[in-house]
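To start, the structure under review is shown below, and the notes come after it.
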Amino acid sequence: MNSHSLYLVLDLIGTFAFAISGAVAARQRRLDLFGIVSVAFMVACGGGIVRDVCIGAIPPAGLSNWRYLAVSLLASAVAILAYAPVRRLRQPVLLFDAIGLGLFAVAGAQKTLSFGHGAEVAILLGIVSAVGGGVMRDVVLSRLPAILDREIYASAALAGAGAQVLFSYAHWTQWWTPWFATFICVAIRLASLYFGWGLPAFRGPPANVVHEEK
Amino acid sequence: MNSHSLYLVLDLIGTFAFAISGAVAARQRRLDLFGIVSVAFMVACGGGIVRDVCIGAIPPAGLSNWRYLAVSLLASAVAILAYAPVRRLRQPVLLFDAIGLGLFAVAGAQKTLSFGHGAEVAILLGIVSAVGGGVMRDVVLSRLPAILDREIYASAALAGAGAQVLFSYAHWTQWWTPWFATFICVAIRLASLYFGWGLPAFRGPPANVVHEEK
Amino acid sequence: MNSHSLYLVLDLIGTFAFAISGAVAARQRRLDLFGIVSVAFMVACGGGIVRDVCIGAIPPAGLSNWRYLAVSLLASAVAILAYAPVRRLRQPVLLFDAIGLGLFAVAGAQKTLSFGHGAEVAILLGIVSAVGGGVMRDVVLSRLPAILDREIYASAALAGAGAQVLFSYAHWTQWWTPWFATFICVAIRLASLYFGWGLPAFRGPPANVVHEEK
């Protein structure tokens, strides 16, 4: 399998994972069929579309490559037809989401590098690829974006994207290095869930002065 | 009237229709003059700007062609000065919105095709052109985006964009074919309102587990 | 100092000002370290990234020029370590925000002109550069965007961007003209706060018909 196909496979597996998570969130909000498919597609492809626009990949792959839409539709069908078992199995869904996070951080960073951009752009857009769809889902469903909660989420994406960029600059480009970078991100994310890790937050006076500042 | 002018006229009529709907929504929220103009412009041009960025039409027409801003300002003036009669006539406003939906779906899909992109990109961006502005309005005004409600809205845009792409691929390009594609979308949207159509939604356990999944 | 460096300095000072305001808003919401840095970066660079995408400046400077991320991190550190004094001094923070508004409106409009775009695009994107980050912050933190409140905010950005475009077209391009355009915007903004200015808003029947229209 050549390098281009490898990253496309990574990207499609991540698309499926995120589309399932988006379809389940939409189903829980009692959205109709179009709403479920829309949210699934938005979560799965939204971050990638923003990344493609920023690196000059026009038209964005999520819109022009039929495989992305097909995978989103498949995931929506699974989330609808197998909803009861999917809902009951909380840990597999969080696992899917973590796998998607890692795959997208790595594939997104690599695509950015392949378009000739530097390390900083690649790491930032790897993070955007991984968390962007989830932020769009949370904004549209009026939830505080999960990346801003007290959880190790985008930090894990930062680790995965950073590892991929580091391996690339060090010329570690065997077939297994992207899977290793993905594993770093997924391991950090799952360990943070298991051990209850979180980043420092800051206590202080009650938040009754939210609107004092602009 | 040549083909380019025809699609520009379609686009400007749709811009006016959506700008009126946005200005009325902002007026109902008691926003000030700048807020009304901003929301009207956002609803009218937002989807088109996202489409133009995705197809490589830089700078986006909504920003560079003065007619779009002029039409948005005109619609804001109408919504402010004629607010009382506009509010009373619910059905004409829904009619305006449906007409805008159809015109934008068709003109947006056609512009995408004219930039050399394929059928899938054209249909998806026709939908984005048609519903994007309304989604931005709902997100900014903290409402659940109308496209996710149990109504036939984006599905009608899908029909209009799909018809336009089909006619184009079948080389049906007389002056009346875009109006026919627009009519398909508008008819579906208005019929769904009249007959109370909706897509399947899915009942199930109460949504007290919204935050169980990520 | 040559012209390019001048506008980069303007842009970085504005970035610092906005990043402080974003970090303080995130701190008030009790977000964790990553959340504070994310919101600070989003407020500081979000508008500029949208502008860069619309004018064809790929990749966006906020992602590719390390100075922007560095300034955002510095501002986050200041907001965290010096939080108590920063919170108490309400007027300096509003002053920082007004300075950022003016600097971004002017630098954003000028960058758009330098990419060969016309006056309308430059003024609109100068406004987007100045207010876009704040709108993203408010949407993500589920607040009604400040630009839609009854305050002179985006109108001041319009004045600053308009002045810069006017000076450019009139060939007033000494080293001090962008600072003058910035001063116009900052003066309008601060005077509106001091004197309680606002744009006309429109009274009317109670807003119990918000969802009557689509």
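Protein chains in written order, with full-length UniProt numbering: chain A, 1 to 214; chain B, 1 to 214; chain C, 1 to 214. Note that the Cβ used here is the ideal one computed from N, Cα and C, for glycine as well.
So, is the C-beta of residue i closer than 7 Å to a C-beta in chain A?
{"i": "B:C185", "result": "no"}
{"i": "B:V121", "result": "yes"}
{"i": "B:S168", "result": "no"}
{"i": "C:W66", "result": "yes"}
{"i": "C:L12", "result": "no"}
{"i": "B:L124", "result": "yes"}
{"i": "C:T15", "result": "no"}
In terms of residues, what are the limits of the alpha helix (DSSP H) holding residue i?
{"i": "C:D138", "result": "A119 to V140"}
{"i": "B:I188", "result": "T177 to F195"}
{"i": "C:A57", "result": "Careful: C:A57 lies outside any alpha helix (DSSP H) and carries neither H nor E."}
Under three-state DSSP, which class holds residue i?
{"i": "A:A82", "result": "coil"}
{"i": "A:A25", "result": "helix"}
{"i": "C:A201", "result": "strand"}
{"i": "C:F115", "result": "coil"}
{"i": "A:R88", "result": "helix"}
{"i": "C:R143", "result": "coil"}
Any beta carbon from chain B within less than 7 Å of residue i's own beta carbon?
{"i": "A:D138", "result": "no"}
{"i": "C:L199", "result": "yes"}
{"i": "A:L33", "result": "yes"}
{"i": "C:H4", "result": "no"}
{"i": "C:V53", "result": "yes"}
{"i": "A:I58", "result": "yes"}
{"i": "A:L158", "result": "no"}
{"i": "C:L193", "result": "no"}
{"i": "A:L63", "result": "yes"}
Excluding sequence positions up to five away, which residues of its chain have a Cβ less than 7 Å from the Cβ of residue i?
{"i": "C:L141", "result": "A25 and R29"}
{"i": "A:V53", "result": "P60"}
{"i": "C:L137", "result": "Here residue 137 of chain C is Arg; the residue named in the question, Leu, does not match the sequence. Closer than 7 Å at Cβ, skipping near neighbours: G22, A25, V39, M42 and V43."}
{"i": "A:S155", "result": "L199"}
Based on the DSSP output, what are the partners of residue i in its beta bridges?
{"i": "A:A170", "result": "Note: A:A170 sits in no beta bridge, so no partner."}
{"i": "B:A156", "result": "DSSP, once it has assigned bridges, lists no residue as partnering B:A156."}
{"i": "A:D52", "result": "According to DSSP, A:D52 bridges with nothing at all."}
{"i": "B:D97", "result": "For B:D97, which the question treats as bridged, DSSP gives no partner whatsoever."}
{"i": "C:D32", "result": "A:A201"}
Could you tell me whether the Cβ of residue i comes closer than 7 Å to any Cβ of chain C?
{"i": "A:S171", "result": "A small fix is needed here, since residue 171 of chain A is His in this sequence, not Ser. Chain C contact via Cβ: absent."}
{"i": "A:S155", "result": "yes"}
{"i": "B:R189", "result": "no"}
{"i": "A:L113", "result": "no"}
{"i": "B:R30", "result": "yes"}
{"i": "A:P145", "result": "yes"}
Near residue i, which residues of its chain fall below 8 Å by C-beta distance, leaving aside the five closest residues on each side in sequence?
{"i": "B:V139", "result": "P145"}
{"i": "residue 230 of chain C", "result": "No information on residue 230 of chain C is available, as it lies outside the stretch 1 to 214 that chain C covers here."}
{"i": "A:I123", "result": "A109, L158, A161, G162 and V165"}
{"i": "A:L6", "result": "W175 and P178"}
{"i": "C:I58", "result": "D52"}
Excluding sequence positions up to five away, which residues of its chain have a Cβ less than 6 Å from the Cβ of residue i?
{"i": "A:F195", "result": "none"}
{"i": "C:A119", "result": "V165"}
{"i": "B:V71", "result": "L12, T15 and F16"}
{"i": "C:Y169", "result": "none"}
{"i": "B:L10", "result": "L103 and A107"}
{"i": "C:S129", "result": "G47, G48, R51, F104 and G108"}
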